Amino acid sequence: MTSLRFVFWFLIISFSASAQKDYKLWLQYNKIQNAVVASEYKTNLGGIVALGSSETSKISLAELETGILDMLGSKPETRSAIKGDNNVIVGSQPALNSDLQKVLASDFDKINNEGFIIKSISSKNKKQIVITGKNDVGVLYGVYRFLRLIQTHKSISNLNIVDAPKINLRVLNHWDNLDRTVERGYAGFSLWNWQKLPDFIDQRYIDYARANASIGINGTVLTNVNANALILTPQYLEKVKALANVFRPYGIKVYLTARFSAPIEIGGLKTADPKDTAVANWWKEKAKEIYNRIPDFGGFLVKANSEGQPGPQNYGRDHIDGANMLADAVAPFGGIIMWRAFVYSEHDANDRAKQAYAEFQPYDGKFKDNVIVQVKNGAIDFQPREPFHPLFGAMPKTPLMMEFQITQEYLGFSTHLVYLPKLFQEVLEADTYQKGKGSTVAKVIDGSLSPQKLTGIAGVSNIGNDLNWTGHPFAQANWYGFGRLAWDPYLDSETIADEWLRSTFSNDEDFIKPIKTMMITSREAVVNYMTPLGLHHIMDTGHHYGPGPWVSDLSRPEWNPTYYHKADKNGIGFDRSKTGTNATAQYAQELEKLFDNAQTCPEIDLLWFHHLSWDYKLKNGQTLWNGLALKYQEGVNQVLEMQNTWNNSEKYVDKERFKEVQMLLEIQYKEAKWWRDACLLYFQQYSGKELPAGVEPPIQTLEYFKSLKFPFAPGN
1380 MTSLRFVFWF
1390 LIISFSASAQ
1400 KDYKLWLQYN
1410 KIQNAVVASE
1420 YKTNLGGIVA
1430 LGSSETSKIS
1440 LAELETGILD
1450 MLGSKPETRS
1460 AIKGDNNVIV
1470 GSQPALNSDL
1480 QKVLASDFDK
1490 INNEGFIIKS
1500 ISSKNKKQIV
1510 ITGKNDVGVL
1520 YGVYRFLRLI
1530 QTHKSISNLN
1540 IVDAPKINLR
1550 VLNHWDNLDR
1560 TVERGYAGFS
1570 LWNWQKLPDF
1580 IDQRYIDYAR
1590 ANASIGINGT
1600 VLTNVNANAL
1610 ILTPQYLEKV
1620 KALANVFRPY
1630 GIKVYLTARF
1640 SAPIEIGGLK
1650 TADPKDTAVA
1660 NWWKEKAKEI
1670 YNRIPDFGGF
1680 LVKANSEGQP
1690 GPQNYGRDHI
1700 DGANMLADAV
1710 APFGGIIMWR
1720 AFVYSEHDAN
1730 DRAKQAYAEF
1740 QPYDGKFKDN
1750 VIVQVKNGAI
1760 DFQPREPFHP
1770 LFGAMPKTPL
1780 MMEFQITQEY
1790 LGFSTHLVYL
1800 PKLFQEVLEA
1810 DTYQKGKGST
1820 VAKVIDGSLS
1830 PQKLTGIAGV
1840 SNIGNDLNWT
1850 GHPFAQANWY
1860 GFGRLAWDPY
1870 LDSETIADEW
1880 LRSTFSNDED
1890 FIKPIKTMMI
1900 TSREAVVNYM
1910 TPLGLHHIMD
1920 TGHHYGPGPW
1930 VSDLSRPEWN
1940 PTYYHKADKN
1950 GIGFDRSKTG
1960 TNATAQYAQE
1970 LEKLFDNAQT
1980 CPEIDLLWFH
1990 HLSWDYKLKN
2000 GQTLWNGLAL
2010 KYQEGVNQVL
2020 EMQNTWNNSE
2030 KYVDKERFKE
2040 VQMLLEIQYK
2050 EAKWWRDACL
2060 LYFQQYSGKE
2070 LPAGVEPPIQ
2080 TLEYFKSLKF
2090 PFAPGN
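Heads up, my numbering is the position in the sequence shown plus 1379, with the first residue counted as 1.
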């Protein structure tokens, strides 16, 4: 019995250790084992001078003390005044003495209200490090950056960092329902325990705020875009207020989704017509009620007249009528409206990819100043690869907010290792040509291409109540990477991967180099084994788990994968050139010309824009059929290589996370082969051609793959 009890407690202790590693995300603050590196830090950290008494200031100090103690094994003395040298002076601009303000005056001119300065200075012949900003939240961001320097073993001897976010609104969109299920959520249930709120504040809420503040995220939309009006009732607003109180010291504003029909569902009105005075007044009173509870409430995110959601078009009105009516309601309080441009109609079967542009571009310049239009990165729906959305650059008089999806709805859920900052970077670097060469998507959303009062970027959250927050240890990098790119959309995804690996796992170069390569190539691998050469939306319908290129019997044409690939005996692909739907005309002339010709169209987008013969010759000399098959095989081979790379990293990683990733990569390898075999068997019916040399033959039949059912698929 004694031995059994020992085994039980050993398992509990082991589980707790792994829980701690998984749970801490990139804020591990692992003890620095390299004595030389640790010694340099200790030399430069003689004391902490904490200026300021706000809740945010207290958080900055606590984070600094905890991080240094954990990483160096000892904590510098904390002081209220400068004493001696090698202090870290932490405080906002108003809290600094006049000498320091004078020394840093030119640096303060370079930052906005959320920016920070980390600078080595000499004051009265004493060497000091100053972490400051125009307000306490900027200081907090600076503290997290300073700790990251230590986490990643960077020198802190001669610091001169002046940094500020390039985008105003850096927001997570939670698709969380009030029953705690999460639409397209693959990491457990919702963080928000509505039943226990407002009186029970879970430590997870605080740790969520810490993680977001550490990467500069300053807003969170708590509820699903497929909105439930109950969130706007007093019973729930009391709970929302409790969360807002937790997040406020971390610089995070709370937003809610507004169901357009709320005046009917919870307000007792007979209509939600935005032109109806009673409806407009109802929203004004609702906004006043919310702001009385939460003075810094951010505003509303709205999905209207999309996928069955109610909206102004139900009443013969348009997006301008709906968005501007809500904008008037929140304007007196400084609130904003994020109006989603994700719309498509079953009544227009021409080309779903064209519909958002056709519906929104004519409204350029007609939205109120506090409305920002939220546009998905591509024109279909968060595919493994899409050309950038043609609306970017095409509405210069309207603020456009980028919407990325961090949760991997179409990229293997949380069982596949896919490093999404590589995808995000590809979109942000895409050139719209709307004001000539160099008119990148990043310049559209940060307001540098056409000056905007509002700028924003949103990420559909991949966070749930799983122990490791995101379902897959490497999916944490997608949350982290989104935050870093939201702060600075010009960062390189490889730099972000390096930061994340060092903060989350190890600084050992023998670990960093191969694992970073694995991360950077992982996105291309998933494109290859799912949707190569511009294929898209061929996932099984509804749950989107696994391949379903054969699905053709759903009531709306654009819900069927066959709508997107159009495979027949003559070839494969969606003709969006001028001989087809002419979607290419929605882009600037330079891109229209490029995309319109199959010979000049980038091959990564080839079947997005063209329906081509199975014998069409690719640039490498292969036929389209052979090239497609070889891409599927390449994706499988890449996952096998990822497995080998990870297996060689065992000595650098704690055993719990090593085994977890190892098992998940085995699932990914199995499912990559499933994708390859199911898609090639299906398309082979039309091509009538043998698989080329180098492609492994399937061991199951097409009918077997068609028969698979997935009642356990999460996220619906």
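Glycine included, every Cβ here is placed at the ideal spot set by N, Cα and C. Only a predicted model underlies this, so the values are computations on that prediction, with no experimental measurement involved.
Endpoints, alpha helix (DSSP H) assigned at ASP1707: 1698-1709 is the extent of the alpha helix (DSSP H) around ASP1707.
Every unbroken alpha helix (DSSP H) within the region 1441-1491, with a cutoff of 4 residues, ordered by chain: 1477-1482 and 1484-1487
At least 3 beta-carbon pairs within less than 8 Å: the region 1954-1962 vs the region 1798-1813: no
Validate contact between the region 1706-1721 and the region 1751-1771 using beta carbons, cut 8 Å, 3 pairs: yes
Three-state class that DSSP yields for SER1382 in the structure shown: In this prediction, SER1382 has a pLDDT of 44, which is less than 50 and means its spatial position is unreliable; what the coordinates show is noted afterwards. In the structure shown, SER1382 sits in a helix (DSSP, three-state: H, G or I).
Cβ-heavy atom distance, LEU1807 to the ligand ATP, below 7 Å: Ligands are entirely absent from the displayed structure, and the ligand ATP is therefore not among its contents.
Contacting residues, own chain, Cβ-Cβ under 6 Å from LYS1747 (five flanking each side not counted): ASN1703 and ALA1706
Which listed residue (VAL1600, LEU1622 and TRP1573) has its alpha carbon closest to that of ILE1585: LEU1622
Short Cβ contact (8 Å threshold) for VAL2018 with ALA1904: yes
Pair within 8 Å by beta-carbon distance, ALA1809 and VAL1820: yes
Complete alpha helix (DSSP H) runs within the region 1708-1775 (minimum length 4 residues, chain order): 1731-1739
Cβ separation of ALA1967 and GLY1817, assumed to be a contact under 8 Å, to the nearest whole Å: Between ALA1967 and GLY1817 the beta-carbon gap is near 12 Å, outside 8 Å, which marks them as no contact.
Through-space distance from THR1777 to LYS1745, alpha-carbon basis: 8 Å
For PHE1783: DSSP bridge partner residues: GLY1838
ALA2008, enclosing alpha helix (DSSP H) - first and last residue: 2003-2026
When GLY1646, VAL1467, THR1599 and THR1650 are compared against ILE2096, the one with the closest alpha-carbon: Beyond the ends of the chain as shown, which are 1380 and 2095, falls residue 2096; an answer cannot be given.
Meets three-Cβ-pair contact criterion under 8 Å: the region 1490-1497 and the region 1437-1456: Here the region 1490-1497 makes no contact with the region 1437-1456; the two share fewer than three CB pairs at distances below 8 Å.
Nearest candidate by alpha-carbon position, reference TYR1736, set THR1834, ILE1716 and ILE1759: ILE1759
Residues bridged to THR1636 (per DSSP): For THR1636, which the question treats as bridged, DSSP gives the partners LEU1680.
contact_flag[the region 2031-2039, the region 2053-2068] where n(CB pairs < 8 Å) is 3 or more: no
Whole-number beta carbon distance between LEU2044 and GLN2012, since they are thought to touch under 8 Å: About 18 Å separates the two Cβ atoms, so there is no contact after all.
Close-in-space but distant-in-sequence residues of the same chain around GLU1434 (CB under 7 Å, 5 per side omitted): PRO1628
Rounded separation between ASN1539 and LYS1498 - CA only: 5 Å
Limits of the unbroken beta strand (DSSP E) element including VAL1600: 1598-1600
Check whether PRO1852 and ARG2036 have beta carbons under 8 Å apart: yes
Straight-line gap, ASN1413 to SER1501 (C-alpha atoms, nearest Å): 28 Å
Endpoints, alpha helix (DSSP H) assigned at GLY1860: For GLY1860, the enclosing alpha helix (DSSP H) covers residues 1855-1866.
Nearest-angstrom Cα separation, counted from TRP1662 out to LEU1648: 12 Å
Any 3 or more C-beta pairs closer than 8 Å across the region 1399-1413 and the region 1529-1543: yes
DSSP-derived helix/strand/coil call for ARG1955: In the structure shown, ARG1955 sits in coil (DSSP, three-state: anything other than H, G, I, E or B).
Per DSSP, the bridge partner or partners of MET2042: None, per the DSSP bridge assignment.
Sequence-distant residues of its chain with Cβ nearer than 8 Å to ARG1696 (five each side left out): ASP1652, PRO1653 and LYS1654
Stretch pair the region 1706-1717 + the region 1676-1686: three plus CB contacts closer than 8 Å: yes
Alpha carbon of THR2098 to alpha carbon of ALA1637, nearest angstrom: Outside the modelled stretch of the chain, which goes from 1380 to 2095, sits residue 2098, for which no answer is possible.
Beta-ladder partner(s) of GLY1426, from DSSP: GLY1426 pairs with GLU1456 and ASN1466.
Whole-angstrom distance between ASP1542 and ASP1515, CA atom to CA atom: 15 Å
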